[in-house]
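Shown next, in the form of structure tokens:
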């Protein structure tokens with residue numbers, strides 16, 4: 001089964017949420033979990049927790065972009081561990097990453113580090 005997860009950080013981003021849902025359905029998702037909550041407080045992401053609880057062996061959790069799923073390498077590893085412990089995979093549409101392959105796992109770890117680096121650089125220059 002293919003399960004989608006879509007998130008925006010504010011209620012004002014409804015169009016972005018709808019676009020994610022559309023892309024996830026187009027990618028073949030049978031079920032999509034959606035929420036509008038900031039990624040800063042990862043404990044507040046109830047729908048992500050529900051999606052991780054819902055997935056089963058052989059399933060794939062699909063997100064449109066890495067930053068919709070995790071904002072830090074530590075959180076990414078936590079989510080990926082939860083997925084792989086269930087025998088499932090993660091697919092990130094805009095990056096073409098699929099962790100059901102060894103190359104996909106490697107690329108995800110590299111891109112997660114780059115994304116966290118970019119975010120920290122933006123915070124330095126924007127403050």
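Numbering (the numbering used here), first residue to last: 1 to 127. The beta carbon of each residue, even a glycine, is placed where N, CA and C say it ideally should be.
Query	Result
Secondary structure at residue 14, three-state DSSP: helix, strand or coil?	helix
Would you mind reading off the limits of the beta strand (DSSP E) that contains residue 27?	Looking at the DSSP string, residue 27 is not in any beta strand (DSSP E), and its letter there is neither H nor E.
Do residue 98 and residue 64 count as a contact pair if the criterion is CB distance below 8 Å?	no
Which value, in whole angstroms, describes the spacing of the CA atoms of residue 84 and residue 21?	24 Å
I'd like the span of the beta strand (DSSP E) that includes residue 58, first residue to last.	Unbroken run through residue 58: none, as it is neither H nor E.
Beta strand (DSSP E) containing residue 7: first to last residue?	2-8
Going by beta carbon distance, what residues of the same chain come within less than 8 Å of residue 29, once the five residues before and after it are set aside?	2, 3, 4, 62
Please state whether the Cβ-Cβ distance between residue 67 and residue 88 is less than 8 Å.	no
Considering only the beta carbon of each residue, do residue 35 and residue 71 sit closer than 8 Å?	no
Among 37, 105, 80, which residue has its Cα nearest to the Cα of residue 14?	37
Beta carbon of residue 95, beta carbon of residue 111: below 8 Å?	yes
The alpha helix (DSSP H) spanning residue 105 covers which residue range?	102-126
Under the three-state reduction of DSSP, which class applies to residue 89: helix, strand or coil?	strand
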